[in-house]
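Protein chains in written order, with the UniProt record's numbering: chain H, 1 to 416; chain G, 1 to 416.
For reference, the structure discussed in these notes is given below.
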């Protein structure tokens, strides 16, 4: 991603359909002060003394953090996920949750993680950092196909390695925008049980469906302790607190023979990465949860409306700019921040430079999300619509069309 | 450390000479609000627009953080360390700095880190997490002996492994309290150059000498780019922000052939652990730095006086309780939070339970800080004096003396 940031820095006037960050302007630094006060008031209402409240924010603290009960309530209200607060680990952003989960679950030589491909680079990068092998599972237009997962897991087992976990973003995936239908979600849980896989469900975009159709998370459907759920407040609240969480309510046997929750056992990994998540930052998010009655679906209606409008603007602009062009195809995500466009050119770093310099638009090469050297995503781009006002989204797509007009293969050569 | 926390939870009325956390009461949550405002005012004075300031605190941000210039100024003022702001990586506590440094420096199979023994468990734990081998270098009463480092590094090299880095706390070490004399510091840098080692200098306690004698950090003496410096604001400010930093001003060649600073190169590791350090938390510490004119030595005079008084209370109480007891010896640290006491009993977890239950005092078995199975530290305890009011420190030592009276080997058997 450093390369992307560099290109963006060199062409500051380009419209960035590359940046997947949330839109600025849903929260202010005045809110931060108020959230802190709301959290302190919540602690007072819970009976904590002045000294206890001060210590909570200023001292070291519990490795797994203080927001377990508030987050568990949010998950029950917003997602129908029923877990105890002790099953929640507050993490320094979702990224740390991935590192904790990968290290905790893939602890032995030969333990591998399966991951949807194309895949969020934070997951594959974290695995590389830890020396954990990632085995890609190719995604379909409807997200992960459970039967493909079964086949890949079986092949890994035959090879003498142990498939320990499967990473997937079932709703509005990054980068593909794909979502799994509900029957496939249920089937994936059966396959996971058969293959003795844990599922690492990453759900940063779940609030941002184009419609109100319920899309139960895998964790909400999980009756068998198959799912470790990764959550983020970067999009539902804001990124500057760097607060995410991991839910692991599986019962495991500790080293001393007693039974404990997987989240508690994973705390030994978390403690060696960051000791605990900044209590000051936890308090900020805690205050937002308190103020919202632990429903970010309710508190985030303005955000949901904004991202819906932007995704519609993106899909509308694609139709307008490329509807007549047989060389260009794109998917129609049911929500989230991203869509994928197949283009009649090699969408690599060199072309991105040309695009930024000569056409004033940036995008993300889909090749970034495939195993290096695989050639996957070579002629596709990820477009993000989250960080821009809607009119800029449409203008960005018009500029992309100019790039394609100037540098795309002719229709006959594209051969589709 | 989980075991220690459990014991502490079971005996809440015991005096804890185990807890190495800083004293509560130097900062308040009101300060947190003011620090945030001070940092925002600082950004405004630097010419950032309202939108830029809001984005700084609320969005994702630069992987290596925003406090590089303020921290570089602090290092120049307080420590005589001259580095550019770009050589500073802001980390989620010093713990993350250790993980980043270990992963970044020990990247190949056979790369090992040498570490002072007894050693802070955060370092050895982080290495275990990453699969990096730790080779202990035994400490003397005067901290690390550079000649011992040379011998251990040579032996590692002969064995076919590559000694990449050496971890050391030169001033008021945790757990031993030992400090390296200045000539030994200079010699260590020579040895590091000869052995092609980088030195990971961890300096959380440098502000808290018993006297004002200058003890230059290794980084201040480093003219050859040998030292990567790890800093923490947990003691000089407060732990609840979870802000630390890493200084790596070495010039390295990047993958694309250009020259860059090691801190910039290490950002690829940091980005995969936590993306960046919570901007909200950075702003809190940034405000404290701004308010203190970037001198935590000046702003922290009250802290320094407090910890000096506590360490004197600890050493005085040891003399009073054990001065006549030939079975008990202790060291006399020149500053910091810790002293080590050799006791005529097996200072293990079982004895700690007895101590908490029957004598109302907790301490840390020194065995925790040695390689498992080595037997090191079996009959020694670490006493910490940082978290208690001075009179409780003395009472804690009196209770320890009762434990020794009841459970210590008789004088003749102790054989010292």
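Glycine residues also receive a C-beta, built at the ideal position from the N, C-alpha and C atoms.
Every value quoted in this text rests on a predicted model; they were computed, and no experiment measured them.
Asked	Found
Where the segment 208 to 239 of chain G meets chain H: residues whose CB sits under 7 Å from a CB there	238 and 239
Residue 260 of chain H - containing alpha helix (DSSP H), residue span	Note, residue 260 of chain H: premise wrong, no alpha helix (DSSP H); beta strand (DSSP E) at 259 to 261.
Neighbour flag for residue 29 of chain G against chain H, beta carbons, 8 Å	yes
Which listed residue (H/214, H/203 and H/240) has its alpha carbon closest to that of residue 227 of chain H	H/203
Short Cβ contact (8 Å threshold) for residue 311 of chain G with residue 385 of chain G	yes
Where the segment 254 to 283 of chain H meets chain G: residues whose CB sits under 8 Å from a CB there	267, 268, 269, 271, 272, 273, 274, 275, 276, 277, 278, 279, 280 and 281
Beta-carbon neighbours of residue 95 of chain H, restricted to chain G and to distances below 9 Å	271, 272, 273, 274 and 275
As assigned by DSSP and simplified to three states, the class of residue 335 of chain H	strand
Given residue 7 of chain G as reference, the closest of G/352, G/114, G/81 and G/406 once Cα atoms are compared	G/352
Closest by C-alpha distance to residue 139 of chain H, when choosing among H/117, H/123, H/126 and H/160	H/117
Within chain G, partners of residue 129 of chain H - CB distance below 7 Å	103, 269 and 272
Contact belief for residue 217 of chain H with residue 79 of chain H at Cβ below 8 Å, rounded distance in angstroms	5 Å
Environment of residue 54 of chain H [buried if 16+ CB atoms lie within 10 Å]	buried
Minimum length 4: unbroken alpha helix (DSSP H) runs contained in the segment 174 to 212 of chain H	182 to 194
Closest by C-alpha distance to residue 193 of chain G, when choosing among G/222, G/212 and G/256	G/222
Inter-residue spacing [alpha-carbon to alpha-carbon] between residue 99 of chain H and residue 258 of chain G	30 Å
Paired residues, beta bridge with residue 362 of chain G - DSSP	G/16
Whole-angstrom distance between residue 71 of chain G and residue 292 of chain G, CA atom to CA atom	12 Å
Own chain partners of residue 415 of chain H with C-beta closer than 6 Å, once the 5 adjacent residues on each side are dropped	Low local confidence applies: a pLDDT of 47 at residue 415 of chain H is under 50, so the model's placement there is unreliable, with the coordinate-based value given in what follows. Cβ within range, chain order: n/a, list empty.
Neighbour flag for residue 24 of chain H against chain G, beta carbons, 8 Å	yes
CA-to-CA distance, residue 112 of chain G to residue 104 of chain G, given in whole angstroms	12 Å
Straight-line Cα distance separating residue 143 of chain H from residue 74 of chain H	26 Å
Members of the segment 57 to 90 of chain H near chain G, C-beta cut-off 7 Å	57, 58, 59 and 60
Meets three-Cβ-pair contact criterion under 8 Å: the segment 303 to 317 of chain H and the segment 62 to 71 of chain H	no
Residue 133 of chain G - containing beta strand (DSSP E), residue span	133 to 138
Coil, strand or helix - residue 97 of chain H by DSSP	helix
Residue 161 of chain H (DSSP reduced to helix, strand or coil)	coil
Contacts around residue 487 of chain H, its chain only, beta-carbon distance under 6 Å, and the 5 residues preceding and following it disregarded	Because chain H in this structure spans residues 1 to 416, residue 487 of chain H falls outside the shown range and cannot be described.
Cβ-heavy atom distance, residue 355 of chain H to the ligand ADP, below 7 Å	With respect to the ligand ADP, the structure offers nothing, as it holds no ligand at all.
Option nearest residue 82 of chain H by Cα separation, candidates H/181, H/176, H/229 and H/21	H/229
Residue 47 of chain H, buried or exposed, once every other Cβ within 10 Å from all chains shown has been counted against 16	exposed
Residue from H/209, H/355 and H/340 with nearest C-alpha to residue 297 of chain H	H/209
For residue 141 of chain G, the first and last residue of its enclosing beta strand (DSSP E)	That residue, residue 141 of chain G, is in no beta strand (DSSP E); it is neither H nor E in DSSP.
Beta carbon proximity, residue 241 of chain H to chain G, threshold 8 Å	yes
Cβ pair count under 8 Å reaching 3, the segment 259 to 267 of chain G against the segment 15 to 31 of chain G	no
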